[in-house]
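Since the structure comes first, as structure tokens, the remarks are kept for the end.
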Amino acid sequence: MIALSNLVYIIAFAFTSLACFASLFRAREIEDRDTRVGMMGLLTGSGAWAGAHTAVLLLPGFQLKNTAYLIGLVFGFSTVWAWLYFASAYTGRTYHRDPTFRRAGLATYLAVVAVKLTNPIHHAYYNATLVDDGFTHLVIQQGIFHWTVTGLSYALASIGLFMLFEEFAESDHDTRIVAALASLTAVPVVLDIAAYSIPELVNIIHAPFGVAAFALGALFLYQEQFLAIHFSADVDDAVVFLDDDDRIRDFNDAAARIVPGLEDARGEHVERVEPLADALGAERTVLDFRIDAETRHFLVTRSDFSLGPTGDGRMLVLTDVTRIERQRRELKRHNDQLEELAVGIRHELRNTLQIVAGNVEAAQQYVERDPEAASRALSTAATTSERMRDIVDDLSMLAEYSQSVEETEPVELRGVAETARQRVDADGLDVQLEGESALEADESRLEELLHRAFVFADAIDSSSVTVTLEDGALIFEANGDRPTGTSAETFFEFEESVPTASAGMALPSFRALARAHGWEPAFDAEYDDGVRIVVEGVVACPRKAVAADD
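Each step along the sequence shown adds one to the number in the numbering used here, with nothing skipped, and position 7 is 9.
Right under this line is the structure:
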């Protein structure tokens, strides 16, 4: 008659054996060859070991039980090497391919197996006796070789655990569940020790339970997390995992810190996370994220991978390219600025030169027959020449101040605005300030920017200009006559005579000075009470910061 405890053990070992062998079909789907070989070796060894323990408990007679126990010992020791092979492959190491390690491992394994198989001769590994105390079972008295090999086995297994936990620590991923699975391999040691003092536990090696629990858990319950760690552990960047339907399966901590709304989007389609949706349509996309009051740029690259039998997926890797992207954008801005300067020189100077030349020629024609007309022509030429001087000054200022601002300081808006207003010869122009009172800027460039805004406001016959600093924007509202035929696309261009030729280069200079700060100006085409310009990207600061800086 089989005791209840033995029956429980028989069922547990039999189930473990069957589960391990059945899982081989799933393990075959692991894409990485070496990881797949290691996992299949671990499952095979654990399954055979658990099967041998089942036979020890079921078979009759000493000889059959002892033979089954020996077979279990042979397969049991093989799991140590399969475990090391798997851990090395999974963590991206090459120990499992190193010829020296392979030869040393094979020699150690064969030597230990030889000792085990010859145990019936020397009995140095264990002594077995058949006992019938209500049920027939094999009682094992472990020898010195057993404890030596057990110590070696757990030392080697600890190396594998160290490799795994180091991988988990480096993955920047939520690895608590997978780490707990790996820890299951050590739990049977407690059962082995407890079996000496708890009669309900059978005095037999329990290690197959732990190894099988880890392998089955990694393959079935948390395969995606396990693969996610494997794919992302050597990646220092933020990683987001998608399934073949582009639903968010998982992500590491770095991605959660960078992408807003990602933490609550697991299981949702990636389009629900607006920044990432833009990355699906192209192989390489640069996305901008606001992090710690700073805009940083991330290159998003996609790569496909296999999730085994659960399907395929893709991995979005966000690499911080802020420095390179800033340099690229700065270079592009400089190139655009040079092109705009060329257009400005060609447009503004050519027009004024044509006016001067035309009036000088007219004066030559009228000098004898109509001296008054000749005088008017020369007067126009002189006035235009003075305007040309102003244009040259503007171009010189633009060449100097259009360079990117490297350092900013807290600047009080009112003081700079008053200085800029005094430079504009317009008696009827009233300037009003609203919103916050200070911002981060280069004071000289900010004064030039405000000066250009007031020059433009005067040119469209404004009586009032309202400057508002709020919500990261500097807003200009002038109540003058809105120039006809203007559009948001061409409002700041040199070629546009906006609002009149007398306004000179006010608007192109305004845009260049804003962009030098990293700001972006835009013309509000829907504003009906005059002209409204919104400058985005401005960083406001408390007024007391100005005093502190002084």
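Cβ coordinates follow ideal geometry from the N, Cα and C atoms, glycine included. The model shown is predicted, which means the values in this text are computed figures rather than measured ones.
Start and end residues, alpha helix (DSSP H) containing E450: Note, E450: alpha helix (DSSP H), 445 to 461.
DSSP state of G40 mapped onto helix, strand, coil: The answer is helix: DSSP assigns G40 an H, G or I state.
Inter-stretch contact at 8 Å, needing at least 3 Cβ pairs: the stretch 360 to 369 / the stretch 379 to 398: Note that the stretch 360 to 369 touches the stretch 379 to 398; at least 3 beta-carbon pairs, one per stretch, sit closer than 8 Å.
Residue interval of the beta strand (DSSP E) (run including Q143): Going by DSSP, Q143 is part of the beta strand (DSSP E) stretching over 138 to 144.
Burial state of H98 (16 or more Cβ within 10 Å): When all chains shown are included, H98 counts as buried.
Inter-residue Cα distance where the pair is E538 and D290: E538 and D290: Cα-Cα distance of roughly 15 Å.
Cross-strand partners of F253 (DSSP beta bridge): Paired residue(s): V242.
Cβ distance (whole Å) where F494 is taken to contact F512 below 8 Å: Going by Cβ atoms, the distance from F494 to F512 rounds to 7 Å, so yes, they are a contact pair.
4 or more residues per run - each alpha helix (DSSP H) lying fully within the stretch 64 to 120: Segments of the alpha helix (DSSP H) lying fully in the stretch 64 to 120: 64 to 92, 101 to 119.
Where P262 sits in the DSSP three-state scheme: Correct three-state label for P262: coil.
Candidates V117, V261, F253: closest to I293 by CA position: If you compare the alpha carbons of V117, V261, F253 with that of I293, the shortest gap goes to V261.
Buried versus exposed, by CB contacts within 10 Å (16 or more), P412: Buried, by the Cβ-count rule.
Rounded straight-line distance, which links the Cα of G417 to that of A508: So the alpha carbons of these two residues sit roughly 21 Å apart.
Backbone secondary structure at D294 - three-state DSSP: Under the three-state reduction of DSSP output, D294 falls in the coil class, being neither helix nor strand.
Coil, strand or helix - R513 by DSSP: DSSP places R513 in the helix class (H, G or I) of the three-state scheme.
Beta-carbon proximity of A130 to I142, cut-off 8 Å: The beta carbons of A130 and I142 sit closer together than 8 Å.
DSSP state of G219 mapped onto helix, strand, coil: G219 sits in a helix when the DSSP states are folded into three classes.
Best match in V548, L119, A14, R298 for proximity to E442 [C-alpha to C-alpha]: Of V548, L119, A14, R298, the residue nearest in Cα terms is V548.
Assumed close pair L166, A50 - CB separation to whole angstroms, cut-off 8 Å: L166 to A50, Cβ: 23 Å. No contact.
Where A422 falls: helix, strand or coil (DSSP): The answer is helix: DSSP assigns A422 an H, G or I state.
Straight-line gap, G43 to A214 (C-alpha atoms, nearest Å): C-alpha separation (whole angstroms): 12 Å.
P373 (DSSP reduced to helix, strand or coil): P373: helix per DSSP, three-state reduction.
Minimum C-alpha distance to L221 - residue among M41, Y128, L59: Selected option, being the one with the closest Cα: M41.
First and last residue of the uninterrupted alpha helix (DSSP H) at Q367: Per DSSP, the unbroken alpha helix (DSSP H) holding Q367 starts and ends at 352 to 368.
Cα-Cα separation, G53 to T18: Straight-line measurement puts the Cα of T18 at about 8 Å from the Cα of G53.
Inter-residue Cα distance where the pair is H74 and P62: The residue asked about is misnamed: residue 74 is Gly in this sequence, not His. If you draw a straight line from the Cα of G74 to the Cα of P62, it comes to about 17 Å.
Rounded straight-line distance, which links the Cα of D322 to that of Y224: For Y224, the predicted model reports a pLDDT of 45, less than 50, meaning its position is unreliable and no value from the coordinates is stated.
Straight-line gap, L86 to S160 (C-alpha atoms, nearest Å): Between L86 and S160, the C-alpha separation is close to 9 Å.
For V537, the three-state DSSP class (helix, strand or coil): Note: V537 maps to strand in three-state DSSP.
Assigned exposure category for E265 - 16 Cβ within 10 Å defines buried: Per the 10 Å Cβ criterion, exposed.
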